[in-house]
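In our numbering, the protein residues as written are 4 to 435.
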């Protein structure tokens with residue numbers, strides 16, 4: 004625990020009854036002292052809770068059945084826990100996850116163990132603990148079989164949920180919220196904890212009509228994810244800008260070229276970080292490169308730092324994968340690869356950094372070189388889009404080749420990555 008942070012024994016909610024609505028009070032107790040009440044004047048979430056109770060004229064019983072109140076209350080507890088560093092609050096959390104009929108705490112641990120073969124088991128558990136368990140247990144669920152009674156309210160819970168800053172989650176985040184729940188429900192079904200009649204999943208998206216109504220109200224429905232992609236011409240210009248800007252800066256040019264290689268090939272950050280200089284083969288009859296390791300952030304697996312998985316991609320393990328140097332042209336990628344092999348030792352990584360750092364470096368490079376910055380996830384969208392436009396010339400007219408170069412398990416996935424609103428399609432028809 005950080006020096007100077009206070010420690011408290013627990014959080015204690017108290018209700019003040021009113022004629023039309025009740026108010027919530029919260030107290031904390033130091034290890035050796037009397038309870039201290041938290042004032043809504045200095046705790047914004049507590050103030051928001053009581054304003055919500057007043058506006059909707061909610062008494063205690065009704066409030067405890069209200070989705071939005073439960074979400075606010077859980078957020079309040081999390082804020083107090085973070086601020087006051089509650090060592091015993093986590094113990095209380097475990098007790099709260101144990102009902103007379105079912106031990107949710109142990110069950111979540113089992114869920115993580117089953118999902119440990121995936122890259123995000125702890126991320127799933129985090130959403131279940133922070134978002135879903137308070138909702139279902141707050142509605143009196145003593146067993147996962149009870150979840151089926153609150154399917155409609157669960158949908159509302161997602162769509163009404165707000166971030167710590169008080170803003171509603173973007174509709175693009177809905178899948179991040181519902182996927183852990185859906186995977187947990189599949190785990191419960193496969194493990195025999197629930198039957199087929201108890202099983203359901205949530206697929207929540209904004210309908211076209213909801214988007215129209217939101218736009219009419221002046222709300223932003225685009226979310227945080229851009230639909231932009233790099234064009235073939237932009238990739239050519241980016242290389243020229245890197246050459247010009249870092250002409251006299253070898254270290255920055257190596258860094259920029261290494262990331263640019265990932266942009267052009269549409270590699271995920273983990274596989275880009277896993278490349279050594281000896282993985283590049285620009286002088287073969289067909290210029291190509293080998294995929295080697297996958298380096299990912301350890302937080303989703305409950306570990307610190309970065310984790311290295313040898314000879315793996317997101318969809319394969321233990322296989323040697325060779326990919327051709329195609330976009331935006333073999334000549335450009337050969338030039339980039341030769342430069343990297345000349346200036347980086349064969350066994351050294353093209354990039355030596357944490358996965359999260361790749362985006363930060365690319366943002367700075369884009370600023371230095373004055374070109375459009377796109378998040379790493381957009382690189383594969385760019386690759387799929389440009390590849391679809393040149394399917395006949397570059398991929399022998401075979402969608403399977405484009406799919407394999409995208410490292411997708413099916414072409415249906417590749418189709419989803421193709422930017423259908425890009426004006427590149429009109430340019431393609433203009434060439435005809």
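Backbone N, C-alpha and C fix where the C-beta goes; we use that ideal spot for every residue, glycine too.
Taking the Cα positions, residue 48 is about 7 Å away from residue 75. In the three-state DSSP reduction, residue 325 falls in the strand class (E or B). With at least 16 other beta carbons inside 10 angstroms of its own, residue 136 counts as buried.
The three-state secondary structure of residue 31, taken from DSSP, is strand.
Per DSSP, the beta bridge partners of residue 309 are 300. For residue 126 and residue 340, the gap between their C-alpha atoms comes out near 36 Å. In the displayed model, residue 39 falls within a strand according to three-state DSSP.
Cα atoms of residue 197 and residue 112: separation of roughly 17 Å, rounded to the nearest angstrom. Less than 8 Å divides the Cβ of residue 160 from the Cβ of residue 138.
In the three-state reduction of the DSSP assignment, residue 291 falls in the strand class, which pools E and B. Judged by their CB atoms, residue 109 and residue 66 are not nearer to each other than the 8 Å cut-off. For residue 237, the enclosing alpha helix (DSSP H) has its first and last residue at 235 to 248. Using a 10 angstroms sphere on the CB of residue 17, the tally of other CB atoms stays under 16, which defines it as exposed. Looking at the backbone, the Cα of residue 124 and that of residue 386 are separated by about 29 Å. The distance from the Cβ of residue 294 to that of residue 262 is about 16 Å, inconsistent with a contact at the 8 Å cut-off. Between the region 245 to 256 and the region 383 to 402, the count of C-beta pairs closer than 8 Å stays below three; the two stretches do not touch. Ranking 154, 331 and 190 by CA distance to the CA of residue 243 puts 331 first. Nearest neighbour of residue 30 by Cα position, chosen from 22, 43 and 14, turns out to be 14.
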